[in-house]
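> Numbering follows this note's numbering, with no gaps: position 189 of the sequence shown is 189.
All C-beta atoms in this analysis are idealised placements derived from N, C-alpha and C, irrespective of residue type, glycine included.
On a predicted model such as this, the values are computed, not experimentally measured, just so you know.
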Amino acid sequence: MYAGRVPRPFAKALLPAAYFPLGGPVPAGDLVGREGYIRRAVARLTDGNHILIAGPRRIGKTSVMLEILRRLRRKGVHTAYVDCMGATDIRGLGERLADAVLENVSGIERSFEYAKAVAAGMRPTVKIRYEHVELALELAREKNAQRFFDGALDLPRALAAKTGKRVVVAFDEFQAAGQLGSRIFDVMRTRFQAQRAVSYAFLGSEEGILEQLFSGKGRAFYRFALPLDLADAAGHRFGIDPDDWLSYIQEKLTERKLTIGDAEVDRILDATGGHPQDTMQVCAALYYLMRDAGLRAVTAEAIGVAIEQALRELERPFALHWADLGKGKYLQQVAKRIAHGAVLYASDGSGAVPRAEVLRALAALQARGLVAHLARGRYEFVEPLFGEYVRRLDEAIVTK
Ligand SMILES: Nc1ncnc2c1ncn2[C@@H]1O[C@H](COP(=O)(O)OP(=O)(O)O)[C@@H](O)[C@H]1O
Ligand SMILES: [Mg+2]
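1) Name the one or two DSSP bridge partners that Ala297 has.
2) Any contact of the stretch 256-269 with the stretch 278-285, i.e. 3+ C-beta pairs under 8 Å?
3) By Cβ distance, which residues of its chain are closer than 7 Å to Gly204, with the 5 residues on each side in sequence left out?
4) State the CB to CB distance for the pair Trp245 and Gly274, rounded to an integer number of angstroms; the pair is presumed to be in contact (CB under 8 Å).
5) Compute the beta-carbon to beta-carbon distance between Ala372 and Val382, rounded to the nearest angstrom, for a pair I have assumed lies under 8 Å.
6) Ignore the nearest five residues each way along the sequence and tell me which others in Arg5's own chain have a CB closer than 7 Å to its CB.
7) Please report the residue range of the alpha helix (DSSP H) in which Ser63 lies.
8) Inspect the CB distances between the stretch 242-260 and the stretch 206-223 and report whether three or more fall short of 8 Å.
9) Nearest to Val228 by alpha carbon, out of Ala28, Ile38, Gly29?
10) Whose C-beta lies closer than 6 Å to the C-beta of Ala361 among residues of the same chain, with five residues either side of it excluded?
11) Using 8 Å as the Cβ pair cut-off and three pairs as the minimum, do the stretch 146-155 and the stretch 179-188 touch?
12) Can we count Lys61 as close to ligand 2, meaning its CB is less than 6 Å from some heavy atom?
13) Val105: which of Leu213, Glu134, Gly369, Ala87 sits nearest, CA to CA?
14) Are there three or more Cβ pairs, one per stretch, closer than 8 Å when the stretch 92-105 is compared with the stretch 152-165?
15) Is the closest heavy atom of ligand 1 to the C-beta of Pro276 under 6 Å?
16) Distance cutoff 7 Å, beta carbons only. Does Ala220 sit that close to anything in chain D?
17) Have a look at Glu103 and Val82 and give me their C-alpha separation to the nearest angstrom.
18) Quick check on the burial criterion: 16 or more other C-beta atoms within 10 angstroms. Buried or exposed for Tyr389?
19) Return yes when the C-beta of Leu31 is under 6 Å from any heavy atom of ligand 1, and no when it is not.
20) Ignore the nearest five residues each way along the sequence and tell me which others in Ala18's own chain have a CB closer than 6 Å to its CB.
21) What's the C-alpha gap between Gly76 and Leu45?
22) Report buried or exposed for Gly164, applying the criterion of at least 16 other Cβ atoms within 10 angstroms of its Cβ.
23) How close, in whole Å, do the beta carbons of Ser199 and His321 come, if the pair is a contact with beta carbons under 8 Å?
24) Just checking Gly107 against ligand 1 - is the residue's beta carbon closer than 6 Å to any of the ligand's heavy atoms?
25) Can you tell me whether Arg156 is buried or exposed? The criterion is at least 16 other CB atoms within 10 Å of its CB, across all chains shown.
26) Count the other C-beta atoms from every protein chain shown that fall within 10 angstroms of the C-beta of Gly387, then say buried if there are 16 or more, exposed otherwise.
27) Determine contact between the stretch 288-297 and the stretch 23-30, defined as no fewer than three beta-carbon pairs at a distance below 8 Å.
28) Specify, as a first and last residue, the run of the alpha helix (DSSP H) that Arg39 falls within.
29) Taking Phe171 as part of the beta strand (DSSP E), name the residues at either end of that continuous run.
30) Under 7 Å between the Cβ atoms of Arg73 and Gln277?
31) How is the alpha helix (DSSP H) around Val334 delimited, first residue to last?
32) Which same chain residues end up closer than 6 Å to Arg166 when comparing Cβ atoms and leaving out the 5 residues on each side of it in sequence?
33) Between the alpha carbons of Met1 and Val169, how many angstroms are there, rounded?
34) Quick check: what's the CA-CA separation for Pro9 versus Lys61?
35) With DSSP as the reference, label Pro384 as helix, strand or coil.
36) Thinking C-beta only, is Leu137 closer than 7 Å to Ala160?
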């Protein structure tokens, strides 16, 4: 069955976006404070380096990557974006890669479906010409899953060889590929390192897993990619200069004839710690609140209400973070103590957490980018609104 004409994934981002877009990749115009990072990444990938973008969820990894790919395409580079999350087997992942690679030639998504049809003897249509899918015809006939996956991994190289252009492939949520087979990372590395004209970008959220994979001696991707730290770029929290937030927020509100002073922007950034999605969430809540109330100038009170609204809207992602912590030993207990500013090494109601375990939990929370060390024995949440969520967890139990 043919997928029909569907817009290219990069075109979607050019449609008018929501005001203060939330929850997915943002268009270039709403990507605050990442210019330097994007330029560095583009230069590296153009030069043939592989890069690693690891970091907690909702800090803008995907947004940044899609903009990097848009710029590379403008420079005449071929690109492919593959989300590893949700692929259920190696054939599925291989098909995603094949689609993304073929799109450079065919101009449409899901071209691999056409390749399969043509391989099965159907005549190419007006939309899809033989040379659009030629690259993948042999692959489309492959029945063996392992050989299919191998063949798909070779497509970026084949595209580069055929067109004489560099190819940049981005694997988002790369750690998720590990669930598709025990040797999958070894297979991928073996393929990738033999490909001269292809640069790879790896993105992922579960920092522990990715870090191990790329920096653990003897691990499949040991020293394969250059880590480009997004969360800590240029020494700013989450790598974004507060001045960039200031000008973005002021300009964005001015567009709609609303005003906000520097002190009010600071108030927002204090509450969110400059966390990208949290900040956008508060701004969006604030904007709609102002509009509904017919207010022109942002007040401290309005910001307070917007923060409460944002906290409610962020409950779902925060609940996911929280559930994640439940998988680690003592992480939730220690996180609660940090949230309440409690003594870290004392016993809690259910029995003492041994000091060594507390330290281990603190190290794990820091490795995940959730918690920062302030001073001896003092820690804080990097994402203040998440800290607030954790602080309120117990209250919620009491009122239920
Ligand atoms: N640089 C940024 N400027 C403005 N908003 C951002 C930025 N980075 C992330 N966001 C906000 O965070 C949300 C999630 O971004 P996304 O790229 O999906 O993050 P990740 O891939 O790290 O989970 C976006 O929808 C947007 O609201
Ligand atoms: Mg993402």
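By the coordinates alone:
1) Thr259
2) Counting Cβ pairs under 8 Å, three or more are found: they touch.
3) Ala54, Glu173, Phe174, Gln175, Leu210
4) 7 Å
5) Indeed, because the Cβ distance is near 5 Å, the residues count as touching under 8 Å.
6) With a pLDDT of 40 at Arg5, under the threshold of 50, the predicted position of this residue should be treated as unreliable, though the coordinate-derived value follows. Cβ neighbours of Arg5 beyond the five flanking positions: Ile108, Lys127.
7) 61-74
8) no
9) Here residue 228 turns out to be Leu, not Val, going by the sequence shown. Minimum Cα distance to Leu228 is reached at Ile38.
10) Tyr330, Leu331, Val334
11) yes
12) yes
13) Glu134
14) yes
15) Checking every heavy atom of ligand 1 against the Cβ of Pro276, one is found closer than 6 Å.
16) Structure shown: chain D not included; a single protein chain is present.
17) C-alpha separation (whole angstroms): 12 Å.
18) Burial of Tyr389 is indicated by the presence of at least 16 other C-beta atoms within 10 angstroms of its C-beta.
19) yes
20) For Ala18, where only same-chain residues beyond five positions count, there are no Cβ hits under 6 Å.
21) 13 Å
22) exposed
23) No, Ser199 and His321 are not in contact; Cβ-Cβ is about 32 Å, not under 8 Å.
24) no
25) Note that residue 156 corresponds to Pro in the displayed sequence, not to Arg. Classification for Pro156: buried.
26) buried
27) no
28) Judged by DSSP secondary structure, Arg39 falls within the alpha helix (DSSP H) whose first and last residues are 35-46.
29) Start and end: 167-172.
30) No, Cβ-Cβ distance for Arg73 and Gln277 is not below 7 Å.
31) Here the alpha helix (DSSP H) through Val334 covers 331-339.
32) Val77, Ala197
33) Since pLDDT at Met1 reaches only 36, below the 50 mark, its modelled position is unreliable, and no value is offered.
34) The predicted position of Pro9 is uncertain, since its pLDDT is 48 and thus under 50; no value can be drawn from it.
35) helix
36) no
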